[in-house]
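Data first, discussion second: the structure below is written as structure tokens.
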Amino acid sequence: MASSITDEHEDSAMDIDHRVEDEHEDPFLLFIDYAKSVLSPDQDESIGPGWSWTASRILKMCTAYSSGVTAAILLSDLSQAWNEQQKIGASRKRPECINELKKKHKRAKLPSTVTIDSIYEKNFLSLNSVLEAVIVDAFLLPGTNIYMLTLGDFWSSNTIDLYLHRRFYNLADLSNGILKKGREIFLTGCYLRPGSGGSGNPRLLPTEHLVTLLDEDQDDDAMLLAAQFCSDSFSSISLDAVNQGISYSLYARITSIGSLEIQGKYGGVQRKEIILVDNDGFRVKFLLWGEQVLLANLFRVGSMLALDRPFVTSSVDSTMDTCGEICLEYGSATQLYLVPFMQHEEQVSVALTQNRHQGSKLLSTLDPSQGLKVSQVILPCDSQGSIDFSNYPFQTFVVDLRDKMTSISLYGVVTDINREADAAEVVFSLRIEDTTGAIWAKLHFVNFWSLGRVGLGHSVYVSGLSCSMTSRKRLELLWVENDGGASFFNLSCLPALLNSSCLHKLSYLSDLSIQSSSTHICRVWLDQIEHCHVNTRFSHTLCGQFVSKSPDGNFECNFCRSSCCEAEVVRTFHFKITLADEGAKVFAWCTGHTASELLHISPDEFCELHEEEQIMYPSALENERFTVALVNCRRQGCGSLTEEHGDEVMWEITRALNP
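Per the numbering used here, the very first residue in the sequence shown carries number 1; after that it's consecutive.
What follows is the structure, encoded as structure tokens:
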């Protein structure tokens, strides 16, 4: 399908702007709308790819093909990726017991879940991978006492056999065991034994990292929970009783899953901390050690965990920093059962995105007499009521933001940036503005600013944002660098932009406006060389911003608000030049790779020239022609970076290409 799409739509994709009533419409947004219409030919956007999925995929392709992309390349990749995603969710022939369970299956996949089909395709399974499996058959290998489970899943047509670990044999009795046909289990930490002789099927070797799923709506499971796990509570645990050999069966909700910790002076022991709260509100830590930390891959906040015979210890005995007297651990006799958190869904109105400049082309071009085809969409939400917008079919704007929204994508212009000096972590605040308003986003980085150069007026796309209401009743956006789904693209500095005609349209310098908020692509020549300014300065490699040299010889980055070691500092240009085309002239500045592209020389090579040669060098560039990307870095409403450029130059050249 991918190959058939490319030729058929190449010409129409190149002429997208001819179909637009508003000549100032952003070509990047237009191509997203166009790509979505190609992938959803029935015009029902609610069942096609999400807006953020499409935008992210396009930008990843632009990053991969830095020399530029065509509409054909983008549509081919989008089509192939979407078809693959559809295959994963498509209904296939599978055992009837799985089909019955699938009818009421409303859980969201765990982050590391893989399908059985993918194991067969890759003939590989990593230890961190999770299998959300259904037991299709349980049996003893003929002539042995070795239990085998045949497993299927909701997304695969294949099944795979598992050698059951002996710690679960008491659950696998063929007459009355709980591990039988139709039972769901989660497992991780599996080793794959490839098929032998080219004809045998692969099998999974025994793993201790397995939990059995229970369904409170099933009578047998409800009776098991009531009979075995409802008499004990956290407050009833007695260390004296534990020392006398008494065991407990406990039932509690998972409220927090900690990050991986390394214990000991030499970093020899891994630890993970799970916070459990029982029905009485008592809070206890469940600790996983060493290879046990893999079990945390099977848990989700909000799920109920039943622990049969956990190992009970005290914070004094463990010599670890724990806040309570009692801690639970996964002991040699412990069995774990899970009542998984069921994914709730909520209807979300799309009324705020009905205007043409605010949202979906589909919603604004429908025949009013037919009414809206899409007025609401159903999105998943977690136990705290936060709604997941990762698959929202339409673009999200600032005006649409509300409390308890997660996995948001936002496209807009940077109007201010600063670092929070008092924060213990590396936190930058970014003010993003679109056609409907502006909002501050807090960006949390693992170690340092890692997004390259971002300046005022640059167009950016940010995904993985969450929105919440502060104590002062103000909306706040949060972005965490290492969260799943978090990405950041600076379109104004994207190398592929100038060579990707499907994502931009050419502007004349006379079209530029002081209120302009988009990135303009113009064909220009260098003019009035006698009035240009070429200086070399030092910049911080991590953020691309200029640095200052203190009297003691140290470099300081005012943007990052930190000292820079010599290895983090490079020489760069600070170049100001007049650009001209047939209708107008503008005075603009640039730095970094863009300045080197315009000057045809590196900063180090320029500094090696004699002073007279440096003065005369720009004269050879007069009337040199380029395609450039221009942004308004002094637009009304923009803030000011800590680094001053020495004057009020309104336009920045973010990319340049010599045809």
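Cβ atoms here follow ideal geometry from the backbone N, Cα and C, with glycine treated the same way.
For cysteine 565 and asparagine 499, the gap between their C-alpha atoms comes out near 36 Å. About 23 Å separates the Cβ atoms of glutamate 622 and leucine 506, ruling out a contact at the 8 Å cut-off. The shortest CA-to-CA distance from valine 350 to any of Asp308, Gln384, Leu401 and Thr519 is the one to Leu401.
Annotation for phenylalanine 28: Leu491 and Leu503 place their beta carbon closer than 7 Å to its own, counting only its chain and skipping 5 residues before and after. Residue pairing for asparagine 632: DSSP places it in a beta bridge opposite Trp651. Residue state for histidine 531 is assigned as helix, using DSSP reduced to three classes.
With 16 or more other Cβ atoms inside 10 Å of its own Cβ, histidine 540 counts as buried. Distance from the Cα of threonine 255 is smallest, within the candidate group Phe341, Arg193 and Pro194, for Phe341. Taking C-alpha positions only, valine 301 is separated from arginine 183 by approximately 22 Å. Per DSSP, the unbroken beta strand (DSSP E) holding aspartate 137 starts and ends at 130 to 140. Valine 38 counts as buried, since no fewer than 16 other beta carbons sit within 10 angstroms of its beta carbon. Where methionine 342 is concerned, there is no enclosing beta strand (DSSP E), because DSSP gives it neither an H nor an E. Ranking Phe445, Asn447, Phe448 and Leu478 by CA distance to the CA of arginine 431 puts Leu478 first. The beta carbon of arginine 419 lies closer than 6 Å to those of Phe428 and Arg561 in the same chain, with the five residues before and after it left out. Bridge pairing for asparagine 418: Ser429 [DSSP]. In the structure shown, glutamate 556 falls within a strand segment according to DSSP collapsed to helix, strand and coil.
With distances taken between CA atoms, serine 52 lies nearest to Ser390 out of Ser390, Phe587 and Cys493.
Cβ-Cβ separation between tyrosine 337 and leucine 214: approximately 5 Å, consistent with a contact (criterion under 8 Å). Excluding its 5 nearest sequence neighbours in each direction, serine 235 has C-beta neighbours in its own chain below 7 Å: Asp280 and Phe282, listed in chain order. Note on threonine 144: under 16 other CB atoms within 10 angstroms of its CB, so exposed under the neighbour-count rule. Burial check for threonine 470: the Cβ neighbour count within 10 Å stays below 16, so the residue is exposed. Contact between the segment 177 to 193 and the segment 268 to 277 is absent: fewer than 3 CB-CB pairs across the two stretches fall below 8 Å. Within the same chain, Val134, Val136, Lys181 and Gly182 come within 7 Å of cysteine 97 by CB-CB distance, once the 5 residues on both sides are set aside. Within the segment 535 to 602, the runs of alpha helix (DSSP H) that reach at least 4 residues and sit entirely inside it are, in chain order, 592 to 599.
Non-local C-beta neighbours of serine 466 in its own chain, meaning closer than 6 Å and more than five positions away in sequence, comprise Thr406 and Leu478, ordered along the chain. Put simply, the backbone Cα of lysine 102 is about 7 Å away from that of phenylalanine 154.
With a cut-off of 8 Å on Cβ pairs, the segment 516 to 524 is in contact with the segment 623 to 634, counting three or more such pairs. The three-state secondary structure of lysine 285, taken from DSSP, is strand. Only residues of its own chain outside the window of five on either side were considered, and among them Leu379, Pro380, Cys381, Thr406 and Ser407 have a CB closer than 7 Å to the CB of aspartate 388, listed in chain order.
Residue pairing of valine 377 in beta bridges, as defined by DSSP: Val348.
Counted as a single uninterrupted DSSP element, the alpha helix (DSSP H) harbouring tyrosine 120 occupies residues 116 to 122.
Boundaries of the beta strand (DSSP E) around phenylalanine 489: 487 to 490. Remark: C-beta atoms of valine 339 and serine 303 approach each other more closely than 8 Å. Taking valine 460 as reference, the option from Ser468, Val480, Val414 and Leu30 with the minimal CA-CA separation is Val414. Histidine 458 is classed as buried because its beta carbon has at least 16 other beta carbons within 10 Å across all chains shown. Counting only the Cα atoms, asparagine 447 lies some 49 Å from isoleucine 146.
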